[in-house]
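S.K.: Chains as they are written, first to last, in the working numbering: chain A, 2 to 325; chain B, 719 to 997; chain C, 18 to 357; chain D, 331 to 977. Mind looking over this structure? Questions follow.
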Amino acid sequence: MASYLIRRILYMVPIIFGVMVITFVLFFVVQSPTAMAKRILGPKAKPEAIQNWLHNRGYDKPRFINTQPGATWWDSQFVHQMKALATFDLGYSDATGESIARMFRQGAIPSLLITVPSFIFGFLISLSAALFFVFVRDSRTDLFGVILCVAMMSIPIQVYVIFGQWLIAVKTSYLPAFGFYLSGASTIKFLVLPVILYTLADLGGEVRLYRTIFLEEIHQEYVKTAQAKGVSPARVLFVHVLKNGMISIITLVVASLPFLIIGSLVLENFFGIPGLGNLTVNAIRTSDFAVVRTTVYLGSLLYLVGLLLTDICYAAVDPRIRFQ
Amino acid sequence: MSLLEVRNLRIQFVTEEGETQAVDDISFFVDSGETVALVGESGSGKSVTALSLSRLVPTPPARYQGGQILFEGKDVLQFSKRQLQDLRGGKIAYVFQEPSTSLNPVFRVRNQIAEAIHLHRRDVQDVRAEILNILDLVGIRDPIRAMEAYPHQLSGGMQQRVMIAMALACRPKLLVADEPTTALDVTIQAQILNLLRELRKKLGMAVLLITHNFAIVSNLADRVLVMYRGKIVEQGPTQEVLHHPKHPYTQALLACIPKIGSMERRLTTIDHEALARMS
Amino acid sequence: MNFPLWIQNLAIFLLAASMGSAFWFVARSPRWQRATRRFRNDKVGLLSACVISVYLFIGLLDSVQIPAGPHRDRTALDWMFHGIKRERTYSAPLASTSYSATRPQPLEGRHVLGTDVLGKDVLLQTLKACRTALIIGGLTSMIYIPLGTLFGVLAGYYRRWVDDVIQYIYSTLATIPSILLLIAIIMALGKGLPQISIALGVTAWVGLCRLIRGETMRQSQRAYVEAARALGQSHRQIICRHILPNVMHLVIINFILGFSGFVMTESILSYLGVGVPVGTPSWGQMIDSARMELAREPAVWWNLGASACALFFLVLALNLLGDALRRAFDPRGSSVSVSR
Amino acid sequence: MALRILYLTVACALLAGCSNNPHPPPFREKRADGTPWQASYRPFPDDPRSLDPQFSYDTLGHAVVSLVYEEMLEYHPLKTDPYELIPCLADGMPEPISGSDGTLAYRFRIKRGVYFHDDPCFSSGKGRELVAADMAYAFNRIADPKVECPVLSTLAEFVVGLQERNDEAKRTKSFDYSKPFPGIRVIDDHTFDILLLKPFPQLLYWMAMPFTAPVPREAVEYYDGRSHDGTIRQQFKFKPVGTGPFRLVEWKKGLSLRLIRNDNYTATRFPTEGWPAADAARYQAMAGKPIPFLDEVDFRIIRESIPAWLLFRQGYVEAAGLGKDVFDTAVSARQELTPEYQARGVWLYKDAEPSTFYFQFNMQNPVVGKNRKLRQAISAVYDVDLEIDIFMNGIYLNAQQLLPPGVYGYQADFKDPYRQHNVEQARQLLAEAGYPNGYDAKTGKQLQLTLDLTVDDAESRQLAEFEKEQIEKLGISVKVEENLWATQQDKMDRGNFQFTASGWNADYPDPENFFFLFYGKNIPPEGNNNSRYANPEFDRLFEKMRAMENSPERLDLIHRLNAILTEDCPMIPLYHPVAFHLSQPWAPRVVLNPLVSNGLKYTQIDVAMRKQKQVEWNRKPMWPLAGIAAFLAAAGMFAYRWSQRHG
């Protein structure tokens, strides 16, 4: 097990390197830091100020290889970026000069407060709904359910948010239309609406996916065996099929766990929740490349963590898989 | 009264591609303690017949169009869900073709057998002892280890023994073995067939053996039913059908039998190896 | 980078033509015939196909130019709407005065779905956006389907180092969260339909490639491929005659489901400010504008209503069609992988 | 079943009981004397980038900086025509002095008894008194390359020593703060002179801008963003320490900035004159009173305009700008409040801003730069009134010149002959320009122009589409190039564009601050002349006008400058913004001058009225609860019957 994991982690090293190269090319070669400097210092800034800004951040160095006389060849933006990312020195926001590590630490909590409950509710609801539809499979209810799921998937998340905000926050005054602060139990009032909407927006897809997974299990031979044993349809579904289906589902779900921390791009911005999603959208809007590329990089790392978790999870829940 | 009597059973399949008459007006019976073989090529409707005995054929796409399935004199087609669940496993038990997929991969062998016992034999006090007992009965040498194993940790022959153990766990009156050896190595096939024969003697249950293999039939069956395109085209005592087939289909089928002798020779040569793999 | 109209039209045409010919090409195999038979009995699938045809038809209408008089780039669709006048600004559906609680002014004409901020007919804008959606879907498909299929088949067939290289490329791309990669690419390339399509294509081929690679590996181990190999057929022949036709259905299902994904993604991109360029009608932008418009008093709902409905029905139909095709090819639903 | 009903009731009660107030509670409920604590909640569009007064150069930064820091001078909060500077930290207006050696200088006296905020950066924890050395330190900071002061080069042209100190620091790669700043002559602790290189009447305006705010050296050195004894101190730019009426006590990024009253504040009081006669009673009550009135200012960061408006409607923020989408809700055709908002008691304010928006051409571009008639044609075809009507609620002022109203030299009755939306004239001009009907007379090809814009949201997108369509009325084709903000800036710098939309907001109300945008020596990278307009005649007049005090002669020069710009058309003036603002009934606005960014120090609110209105405006209807209950009941029924059927 340990050696397997080490091998997996080693395998990720070239991938991380690839990600770093891609982000570097996208953010440094194609977009010039000079434009960024203008953005930060304001349109009225003088060229010296810009040169100064670039110099202070090392953006005036050559891109890949330093060919200037007297300089070491690795004294370049690329090498410095690689080094910084590899050592988790996330640097400072181009826009505010704040420590990115600190921004991410602060943003993670609100994001998790939205995503974790949505994830739990969403998971439970979709699991039950999927089991229900599988239980009544091939009936009118099932067909209706599938169409409903697809319909829910076909609505962009913005429409959910626009409608939810309008209905609950504007028309009824039950919940705050906007805003967020951490303060014990009363934080909940800010979470209710985003959590509901986030759950709803993902529900259709999840139910449909879980339903497909369970349906596939339903056609397995062992289901026939169980029926022939005299096991009731409910027990067949909720014990035999559920346990088998859960293997696929849990591994899928585990892979998405690390992403909970990123939060929701659209939702957080609409509700003014200062999470990582909001941070990212804002960075995109203000061309804060330091933050955007860190998000890309961290997102990639999270994905790889997800893959690793999936492997571990498989080993944990599927008796058929044992690491050699 | 026969243990099982099927009268004029008709089953139709309705799919997007049209309707198929899977079982077309068949009648037969199985007496207590008797072994009956249902023979036919694939697609002849024999599996559907077997499954329909406890209404395991899913509806839709299947449709029971008519006839009766009398088990101990009661019509299975009129059973409630509750009665059906008692019938299945409790009275009629099944052994399927492919043991590797027919066992639930994520439950231990113990749990799978225990489930059957819990469902039909509430009176059993020591379930664990009973499981060991049954596993021993089907010839598993290290029942304690097998009990705690997951199906994939067992060899094909062992898996099929577990299937049989599971079927026998509730002392059924009728064991329906749906091509129980097709998926197995030739060497294991013989072992499983021997096991079935012994068990039938020991437990005195009736066996309905579904197969396309006449070699098995001649070894095991008292009577033979030959099925072709959903109809029973010939039936009678085994020796009579084998040696004096009346229906041309039966004659054609018999012509395809592999030489029994050669099979047995190979069987003896590979036996040790297979045993070694099993333990 | 902005392609002239005829190239965009070509995208739509190629889209329709390639779909048609792909069907025709593979429809002879028994597997496809079985699937066609099953599909014919699938009411939901047929209905979805009809809905999609309507969208395609509208897209085509808006691609045919009728150069008449001073209006050089007027399409057939514009021509059909030519009687409808331009207003100053918002007006409600079928209203006779312009939208305003306090300053209503008489309108030039009646508009079934009202007008938008610039006084354009919302119905026409909604219909014109079909073409934008089709072009995004079409151009993207032209990029990602050949890429994904080719690399998938190569990786799955040749294995060894080819597989390693291709796997490395797509693992790396898949590792970057796709929405961020999309935004980064568009930020780097600039705005525009082709750029969006390239970005979408770069992120979308990964999924297809992985799917095709898996299926190719499965097919390569089948007896008929072994047999072909034994008969001394070249790799190219085996790939073209045996492997490709047997993975084609996955490509088509993936294409249809992917298409709906692209249309949805466009709306998110518009929200993030990296959507289609100014002056290109698109549902995503209409939905994005709706946030502000909905807060007006009285609310301007028709923009959101029209665009969200148009988007909704297309995506719904595509999803249902994809499902129906999957059912047709695989009645017992044993390939979960397609749905991810 | 009974349990389920109980749950439902509890859930409903919770839902009904919970407030939709999105703000955290104020720091205190009551003041020390028992009167209500005045906490004001203000919508704030985004985090400021920096609160370092010498660095910050954006409206958001200034909004906070000007409450925490103060400068020698400030604008009179009530006078707008003309704008008037009054002393703030200075004890009286500065006197210009000319030395016998021909040097130019201004002498400032600092008020006595002005203290910095109490802060751990001072050894005693108590704020120290402000002295002249702090001003020298502030100017040293302007010169320090590490501070990145954006106006350094502008000031360096006039103030003695800035350039040298900057060059020296660049040479030695470190800045020696122990050396006195040569441009400031400290007479005593409360008197200093600023020495000038050449006449610079605009200096007084600069002395009212945050760049020249005195900064305590202790704070800059204390807040270094590094770890000391295990605790990380903040960076100075996030932890301002000034002499102003408020102290920043909490800044949660993306959420809020919270300031509370500086109890030691004595520098200024409410003005005793200058208010409009119509509102005399209200102002008289405040005249001469100590300020600030508020105990707490809570800037709530709300990036989207819709939520900000919703919160205003619900009574949870004190002020709101009127965006185009909500304009009709609150303002009627006669530009008055609608009955609903009149009934609410809301205040409406109309602020003409000292800004101009315009199209600007790249004069170095071979197509538009060399073709004056083409530029004039575009000017003539553009329907600014329609744009104002659709996008600016019809309230912006149609601009005919570069200078906005209120700035010295503005000509109220001036009409730009090429800016009258005359399509016939436009076609005529276009034909004369060599493109009859939009087609090149020589090659027969349609003229295609590229308009570079920053497009980042729905509104800017709609506006871009409008602008494109307007110019295309000429028969030419316009391609809108949508840029990210940074890309747009980059193009401006490199001159890599044909024409673009732009705007300028007055730093100070002097025509110099507008005309320098077209001064030939200000062509990038030297300055902000993004049009790259170079006209020797214009430059000569500009230089002359710049050094003059206001006089009829100067006025004449300004008019001539304006005439040159109008004829040459390097830019097309579009409009001067007029912002409509609403204030809640309990928080009427006091300040009338749009140049004043520290208006909150004059503001007060009626807490009791706010409480009452908030309840009134947030009544919760019962129908959604009934709906939810009905839905749950139906679902329960269904589940029950279904379970009955399926055993």
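Each residue gets a CB set at the ideal place from its N, CA and C atoms; glycine is no exception.
Helix, strand or coil for F825 of chain B? Go by DSSP, reduced to three states.
M.R.: As a first step, residue 825 of chain B must be located in the second sequence, where it is residue number 107. Note: F825 of chain B maps to coil in three-state DSSP.
S.K.: Which residues of the segment 843-876 of chain B have a Cβ closer than 7 Å to any Cβ of chain A? Give them in chain order.
M.R.: Under the 7 Å Cβ criterion, the segment 843-876 of chain B contributes Y868, H870.
S.K.: Check K582 of chain D in the structure and name its three-state DSSP category.
M.R.: By 1-based counting over the fourth sequence, the position of residue 582 of chain D is 252. In the structure shown, K582 of chain D sits in a strand (DSSP, three-state: E or B).
S.K.: Go to W222 of chain C, then tell me how far its alpha helix (DSSP H) extends in each direction, as first and last residue.
M.R.: Residue 222 of chain C sits at position 205 when you count from the first residue of the third sequence. Element bounds for W222 of chain C: 210-237.
S.K.: Any beta carbon of chain C sitting closer than 8 Å to that of Q82 of chain A?
M.R.: As a working note, residue 82 of chain A is residue 81 in the first sequence. No, its Cβ sits nowhere closer than 8 Å to a Cβ of chain C.
S.K.: Determine the closest residue to Y315 of chain A out of A:I285, A:G300, A:G246, A:R286, with distance taken between C-alpha atoms.
M.R.: Translated into positions along the first sequence, residue 315 of chain A becomes position 314. The shortest Cα separation from Y315 of chain A among A:I285, A:G300, A:G246, A:R286 belongs to A:G246.
S.K.: Kindly indicate the opening and closing residues of the beta strand (DSSP E) around R343 of chain C.
M.R.: Here residue 343 of chain C corresponds to residue number 326 of the third sequence, with the count starting at 1. That residue, R343 of chain C, is in no beta strand (DSSP E); its alpha helix (DSSP H) goes 319-346.
S.K.: State the Cα-Cα distance for the pair R212 of chain A and L144 of chain A, rounded to the nearest angstrom.
M.R.: The residue you call residue 212 of chain A lines up with position 211 of the first sequence. The residue you call residue 144 of chain A lines up with position 143 of the first sequence. For R212 of chain A and L144 of chain A, the distance between alpha carbons rounds to 12 Å.
S.K.: For the segment 628-652 of chain D, which residues have a beta carbon sitting closer than 9 Å to at least one beta carbon of chain A?
M.R.: Under the 9 Å Cβ criterion, the segment 628-652 of chain D contributes R630, I631, I632, R633, E634, I636, P637, A638, L640, L641, R643, Q644, Y646.
S.K.: In angstroms, rounded to a whole number, what distance separates the CA positions of N865 of chain D and N892 of chain D?
M.R.: Numbered from its first residue, the fourth sequence carries residue 865 of chain D at position 535. Numbered from its first residue, the fourth sequence carries residue 892 of chain D at position 562. So the two alpha carbons sit approximately 13 Å from each other.
S.K.: Would you decide whether M13 of chain A is buried or exposed? Buried here means 16 or more other CB atoms lie within 10 Å of its CB.
M.R.: The residue given as residue 13 of chain A occupies position 12 in the first sequence. That one is buried.
S.K.: Check the C-beta distance from W947 of chain D over to Q644 of chain D and give it rounded, since I have them as a contact under 8 Å.
M.R.: In the fourth sequence, counting from the first residue as 1, residue 947 of chain D sits at position 617. In the fourth sequence, counting from the first residue as 1, residue 644 of chain D sits at position 314. Confirmed, about 6 Å.
S.K.: Short of 9 Å Cβ to Cβ, which residues in the segment 198-209 of chain C face chain D?
M.R.: Listed by position, the residues of the segment 198-209 of chain C near chain D (Cβ gap below 9 Å) are M204, G207, K208, G209.
S.K.: Could you check whether the segment 571-584 of chain D touches the segment 620-630 of chain D, counting it as contact only if at least three pairs of C-beta atoms, one from each stretch, sit closer than 8 Å?
M.R.: Contact holds: three or more Cβ-Cβ distances are below 8 Å.
S.K.: Is L217 of chain C close to chain D, meaning its C-beta is less than 8 Å from at least one C-beta of that chain?
M.R.: Here residue 217 of chain C is taken as the residue at index 200 of the third sequence, counted from 1. Not closer than 8 Å to any Cβ of chain D, the Cβ of L217 of chain C fails to qualify, so no.
S.K.: According to DSSP, is T602 of chain D helix, strand or coil?
M.R.: As a working mapping, residue 602 of chain D is identified with position 272 in the fourth sequence. Three-state DSSP puts T602 of chain D in coil, outside helix and strand.
S.K.: Is the Cβ-Cβ distance between N923 of chain D and K583 of chain D less than 8 Å?
M.R.: On the fourth sequence, residue 923 of chain D is found 593 positions in, with the first residue counted as 1. On the fourth sequence, residue 583 of chain D is found 253 positions in, with the first residue counted as 1. Contact: no.
S.K.: Just checking: is the beta-carbon of E310 of chain C within a distance shorter than 8 Å of some beta-carbon in chain D?
M.R.: Counted from its first residue, the third sequence places residue 310 of chain C at position 293. Output row for E310 of chain C: interface = yes.
S.K.: Quick check: what's the CA-CA separation for S818 of chain B versus D340 of chain C?
M.R.: Stepping through the second sequence from its first residue, residue 818 of chain B is reached at position 100. Stepping through the third sequence from its first residue, residue 340 of chain C is reached at position 323. Whole-angstrom Cα-Cα distance: 30 Å.
S.K.: Chain D partners of V134 of chain C, CB-CB under 7 Å?
M.R.: Residue numbering aside, residue 134 of chain C sits at position 117 when the third sequence is read from its first letter. Ordered by position in chain D, the residues that pass the 7 Å Cβ test against V134 of chain C are I720, Q792.
S.K.: Around the C-beta of I110 of chain A, are 16 or more other C-beta atoms found within 10 angstroms, so that it is buried, or is it exposed?
M.R.: Within the first sequence, the letter at position 109 stands for residue 110 of chain A. Under this definition I110 of chain A is an exposed residue.
S.K.: Report the rounded CA-to-CA distance for P177 of chain A versus P352 of chain D, giving the unit in angstroms.
M.R.: Numbered from 1 along the first sequence, position 176 holds the residue referred to as residue 177 of chain A. Numbered from 1 along the fourth sequence, position 22 holds the residue referred to as residue 352 of chain D. Going by the C-alpha atoms only, they are around 6 Å apart.
S.K.: Mind checking N912 of chain B: buried by the 16 CB within 10 Å criterion, or exposed?
M.R.: The count along the second sequence starts at 1 and reaches residue 912 of chain B at position 194. With fewer than 16 Cβ atoms within 10 Å of its Cβ, N912 of chain B is classed as exposed.
S.K.: Can we say the segment 242-259 of chain A touches the segment 299-309 of chain A, given the rule of at least three CB pairs closer than 8 Å?
M.R.: At 8 Å Cβ cutoff, the stretches touch.
S.K.: For a test of the three-state rule: what should DSSP assign to N19 of chain C, helix, strand or coil?
M.R.: The count along the third sequence starts at 1 and reaches residue 19 of chain C at position 2. With a pLDDT of only 45 at N19 of chain C, under 50, the local geometry of the prediction cannot be trusted, and the value read off the model is given with reservation. Coil.
S.K.: Applying the 10 Å Cβ sphere with the 16-neighbour rule, what's the burial state of S386 of chain D?
M.R.: Position 56 of the fourth sequence, counted from the first residue, corresponds to residue 386 of chain D. Burial call: buried.
S.K.: For F120 of chain A and K803 of chain D, what's the separation of their Cα atoms in angstroms?
M.R.: Start at 1 with the first residue of the first sequence, and residue 120 of chain A comes out as number 119. Start at 1 with the first residue of the fourth sequence, and residue 803 of chain D comes out as number 473. About 53 Å.
S.K.: List the residues of chain D that G98 of chain A touches, going by C-beta distances under 8 Å, in chain order.
M.R.: Here the question's residue 98 of chain A lines up with position 97 in the first sequence. Here the neighbours are R379, S380, Q565, K567.
S.K.: Starting from the Cα of P841 of chain D, find the closest Cα among D:P735, D:V753, D:V477 and give me that residue.
M.R.: To locate residue 841 of chain D, count along the fourth sequence from 1; it is residue 511. The candidate whose alpha carbon is nearest that of P841 of chain D is D:P735.
S.K.: Counting C-beta neighbours from all protein chains within 10 Å, is the total for P606 of chain D 16 or more, i.e. buried, or is it exposed?
M.R.: Translated into the one-based positions of the fourth sequence, residue 606 of chain D becomes position 276. With fewer than 16 Cβ atoms within 10 Å of its Cβ, P606 of chain D is classed as exposed.
S.K.: Would Q828 of chain D pass as a contact of L904 of chain D if the rule is Cβ separation under 8 Å?
M.R.: Looking up residue 828 of chain D in the fourth sequence gives position 498. Looking up residue 904 of chain D in the fourth sequence gives position 574. Taking 8 Å as the Cβ cut-off, Q828 of chain D and L904 of chain D do not qualify as a contacting pair.
S.K.: In its own chain, which residues sit with a C-beta less than 7 Å from the C-beta of I472 of chain D, not counting the 5 before and 5 after it?
M.R.: Taking the fourth sequence and counting its residues from 1, the one referred to as residue 472 of chain D is at position 142. Excluding sequence neighbours, I472 of chain D sits near Q384, C479, L482, L485, L492, F541.
S.K.: Over the uninterrupted beta strand (DSSP E) stretch that includes G651 of chain D, give me the two end residues.
M.R.: Here residue 651 of chain D is taken as the residue at index 321 of the fourth sequence, counted from 1. That run of the beta strand (DSSP E) goes 649-651.
S.K.: So what's K949 of chain B in DSSP terms, helix, strand or just coil?
M.R.: Along the second sequence, one-based indexing puts residue 949 of chain B at 231. Of the three classes helix, strand and coil, the one that applies to K949 of chain B here is strand, per DSSP.
S.K.: Here's the rule I'm using: 16 or more other beta-carbon atoms within 10 Å means buried, otherwise exposed. How should Y5 of chain A be labelled?
M.R.: Within the first sequence, numbered from 1, the residue matching residue 5 of chain A stands at position 4. Y5 of chain A should be labelled exposed.
S.K.: List, in chain order, every chain D residue whose beta-carbon is nearer than 7 Å to that of V171 of chain A.
M.R.: For the purposes of this step, residue 171 of chain A is taken as the residue at position 170 of the first sequence. Residues of chain D passing the Cβ test: L640.
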